[in-house]
Amino acid sequence: MDRVCHFEIPYSDKERAEKFYRDVFGWQITAAPTEHPYSFAITTPVDEQFKPSEPGGINGGMYQRGDEGGSCSPVVVIEVDSTEQRIADIEAAGGANVMGPVEIPGMGIYAQVKDSEENIIGLWQPLAPPQ
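Residue numbers (this note's numbering): 55 to 185.
Here you go:
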């Protein structure tokens, strides 16, 4: 069974959105070390690898609304063994590929798809740990 592992929230005004989630929910918002404007939304304690350290906890991210084909609504991200296989499964079931898959260096492979109801869902395939 694939599980929800992440969420993404788009914004129109970065500072306003980050302040909102910090002030209302107490989240820690941190700029991601990427070439694209993206922030991590920390909602639960993390370990030294930045992974949730409490069972069932998930963290998320925030990005510019509509940036590079990104969704204009919040996105639930599901961890999968293979983004390519899940995209094929989704297309066979009446969904569609929207974006990717693209590798996020050192982290994983990400894609966005539409389900049968036109909802955008993220797919995340973690990279295998170095041997």
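Glycine is no exception: its CB is placed at the ideal position from the N, C-alpha and C atoms.
**OP:** Would you mind giving the Cβ-Cβ distance between I132 and W178, rounded to the nearest angstrom? I have them listed as a contact below 8 Å.
**Re:** 7 Å
Subject >> I144, DSSP secondary structure in three states >> reply: DSSP places I144 in the helix class (H, G or I) of the three-state scheme.
Original post:
Near R76, what residues of its chain come up, given a Cβ to Cβ distance below 8 Å and the 5 sequence neighbours on each side ignored?
Top reply: Q82 and I83
**OP:** Excluding the 5 residues preceding and the 5 following G148 in the sequence, name in chain order all residues of the same chain whose CB lies nearer than 6 Å to its CB.
**Re:** S170
Original post:
Do E62 and P128 come within 8 Å of each other at the CB atom, strictly closer than that value?
Top reply: yes
**OP:** Tell me whether F79 sits in a helix, a strand or coil according to DSSP, three-state version.
**Re:** helix
Subject >> Contact check, I144 vs P155, beta carbons under 8 Å >> reply: no
Original post:
So, is H90 buried or exposed, given that buried needs 16 or more other C-beta atoms within 10 angstroms?
Top reply: exposed
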